[in-house]
Amino acid sequence: MKLCMIGTGYVGLVSGVCFSDLGNDVVCVDKDVDKINNLKKGIMPIYEPGLEELVLKNYKNKRLNFSTNLRESVRKSDIIFICVGTPTKKKSNNADLSQVYSVGKEIAKYINRFKIVINKSTVPVTTGDEIEKIISKKVDKKYFSVVSNPEFLREGEAIRDFIYPDRIVVGSNDKKSKKILKNLYSPLVSKGSKFLVTNRRAAELIKYASNAFLATKITFINEIANLCEKTGIDVEDISIGIGLDKRIGSRFLRAGPAYGGSCFPKDTKAIVSTASKYKTNLSVIKSVIKSNNIRSDLLLKRVDSIMKNRIKNKTISFLGVTFKANTDDMRDSSSLKLIPYLSKKGAKIKYYDPSGAKKEFIKLKNVKFSNSIQESIKDSHLVIIHTEWNDFKSINFKKFSKNKKLIIFDMRNIFPPNKIKNLGFKYFGIGR
Ligand code: UDX
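To convert, note that position 124 of the sequence shown is 176 in my numbering; the numbers rise steadily by one, no gaps.
Rendered as structure tokens:
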């Protein structure tokens, strides 16, 4: 099939390259000329394991192309995916849908035969109805169908999540597009993925409800971790103990810093805001947002107490600053709250991240990027393991630090406490 992905960010690029790898002809469109030129040269706009190899392979065999020409790309395609951003609107909790609607208007200008217009961007319920209205101002309804097909890709695992999804959700109000999409996804369905068809509005809500539920699960275990810290229990035992109940499930029960990233913070706010438009109070999700917002303050209090309120002039090493491992993404990472606070209190911060130095910290006083784990740990009083990169899982602290009083605060519980304590260092984890 001939596919066109509009918006070559995370979702558009990963989905586009994976669809081309399944044998489709795909053109990824973006108005960012530099991004498109770079992609043609094999330079990726994001860090995502496995992406570069797959892009190079499919670009070389000509199943994948990149373009800034939306008109031509729409005209020659059978299926058009809208994959543009829906960030939180400034000074509100609503999703900003301006990019989605402006792409809808553009597509409407170039529809020359029957096309399926698929919305992959995360959008509030009824956005598909709006896109349909926009296009039908220019095009007869028999020449297009608007479908919702949300993505569930995790950064760092996006290619795997695309190829082996738990489920594929298609929200459509007509038979023709349901059939075409079942055919498009058949290589994944034949490998065991569930294919769920709903009406368009339900698919839109499934996406938000999924992210809100996962954010709730994380926030729940983070609060249980707070209780574990006060009662001498290891939260890891609780996660295993409750996760073995199939009704609960073991995934997304890792206690840690506040959840971050490009989706959970934005989508929890947006679903609450959509619900209030329909006079519905999503009180559980509201309290999740609140609990996650104050989590960084709790962790900072803990740092204060670990350091016996003597932070000034102490050297603190951060290992990992992105919102999670295997990504270079800093969006809503809890390090954006932790590091500025500690630097303001007079700590000297050294940080190392496998994805490199971050522009977010350039202007901060006493915050420096280290070129290696060793350099970051050397001469530190406190090491904070902020992100669970594999690179940190077998650090030899004894070799890297001469400081016998080194303290390790493992915010991801990647080390067994005794392993560190047996080296003679002080160890603190989350919920243990
Ligand atoms: C998420 C959803 O998982 C994905 O389905 C959706 O489409 C996009 O948003 P992503 O933001 O890439 O993906 O990361 P995810 O792995 O879900 O983690 C989000 C945040 O939760 C991170 O800050 C992570 O560290 C945190 N998290 C996750 C935990 O603290 N504990 C867990 O057990 C899992």
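Note that CB positions come from ideal geometry on N, CA and C, so glycine has one too. Model, not experiment: these values are computed from the prediction.
Mapping DSSP to helix, strand and coil, what is residue i?
{"i": "D77", "result": "strand"}
{"i": "T374", "result": "coil"}
{"i": "C70", "result": "helix"}
{"i": "T178", "result": "coil"}
{"i": "S197", "result": "strand"}
{"i": "A147", "result": "strand"}
{"i": "R219", "result": "strand"}
{"i": "C315", "result": "coil"}
{"i": "S395", "result": "helix"}
{"i": "I472", "result": "helix"}
{"i": "S446", "result": "coil"}
{"i": "I290", "result": "helix"}
{"i": "V435", "result": "strand"}
{"i": "S428", "result": "helix"}
{"i": "L55", "result": "strand"}
{"i": "V152", "result": "helix"}
{"i": "P97", "result": "coil"}
{"i": "Y62", "result": "helix"}
{"i": "E105", "result": "helix"}
Considering only C-alpha positions, which residue in the set the options is nearest to residue i?
{"i": "G75", "options": "L236, V126, Y404 and K230", "result": "L236"}
{"i": "E124", "options": "P101, S173, I163 and P139", "result": "I163"}
{"i": "E207", "options": "Y393, G61 and F421", "result": "G61"}
{"i": "I134", "options": "D192, A160 and P239", "result": "A160"}
{"i": "K410", "options": "K389, A254, V85 and V373", "result": "V373"}
{"i": "D405", "options": "K389, A399, S422 and K234", "result": "S422"}
{"i": "E104", "options": "K389, P239 and V66", "result": "V66"}
{"i": "V191", "options": "G156, R219 and F204", "result": "G156"}
{"i": "M359", "options": "I460, K338, I300 and I429", "result": "I460"}
{"i": "D130", "options": "Y479, L55 and N89", "result": "L55"}
{"i": "Y111", "options": "M96, V199, T140 and K189", "result": "M96"}
{"i": "T120", "options": "R127, I132, K83 and K109", "result": "K83"}
{"i": "W441", "options": "K389, I292, N378 and N201", "result": "N378"}
{"i": "I132", "options": "A147, N89 and V199", "result": "V199"}
{"i": "L205", "options": "K454, E100 and K445", "result": "E100"}
{"i": "K402", "options": "I429, L388 and L390", "result": "I429"}
{"i": "L122", "options": "K143, T140 and V85", "result": "V85"}
Determine the direct distance from the alpha carbon of residue j to that of residue i, and round the result to whole angstroms.
{"i": "A310", "j": "S385", "result": "8 Å"}
{"i": "S407", "j": "A210", "result": "17 Å"}
{"i": "D462", "j": "N117", "result": "44 Å"}
{"i": "G102", "j": "M382", "result": "20 Å"}
{"i": "A261", "j": "G180", "result": "17 Å"}
{"i": "T268", "j": "K318", "result": "14 Å"}
{"i": "G483", "j": "K353", "result": "14 Å"}
{"i": "D226", "j": "S197", "result": "8 Å"}
{"i": "K114", "j": "G68", "result": "13 Å"}
{"i": "H438", "j": "K194", "result": "53 Å"}
{"i": "S357", "j": "I425", "result": "25 Å"}
{"i": "K109", "j": "K342", "result": "45 Å"}
{"i": "F467", "j": "N251", "result": "46 Å"}
{"i": "F375", "j": "R165", "result": "43 Å"}
{"i": "R303", "j": "G295", "result": "7 Å"}
{"i": "K87", "j": "G137", "result": "16 Å"}
{"i": "I290", "j": "R464", "result": "15 Å"}
{"i": "S242", "j": "P217", "result": "12 Å"}
{"i": "E281", "j": "I363", "result": "22 Å"}
{"i": "T140", "j": "K456", "result": "46 Å"}
{"i": "I323", "j": "K231", "result": "30 Å"}
{"i": "S387", "j": "S188", "result": "46 Å"}
{"i": "I276", "j": "V78", "result": "46 Å"}
By DSSP's criteria, residue i is part of a beta bridge. Which residues make up the other side?
{"i": "G481", "result": "D462"}
{"i": "I170", "result": "F133 and V199"}
{"i": "L116", "result": "V78"}
{"i": "F421", "result": "Y403"}
{"i": "S369", "result": "K402 and V435"}
{"i": "L248", "result": "V221"}
{"i": "T140", "result": "A147"}
Given 8 Å, three or more beta-carbon pairs between the segment 344-353 and the segment 285-302: In short, these stretches do not touch, since the Cβ pair count stays below three.
Three or more C-beta pairs below 8 Å linking the segment 364-373 and the segment 322-336: In short, these stretches do not touch, since the Cβ pair count stays below three.
Is there contact here, the segment 164-179 with the segment 144-152, by at least three beta-carbon pairs under 8 Å? Contact between the segment 164-179 and the segment 144-152 is present: 3 or more CB-CB pairs across the two stretches fall below 8 Å.
Flag this pair as touching only if the segment 442-454 and the segment 462-478 have three or more C-beta atom pairs under 8 Å; answer yes or no. Flag = yes, the segment 442-454 and the segment 462-478 touch.
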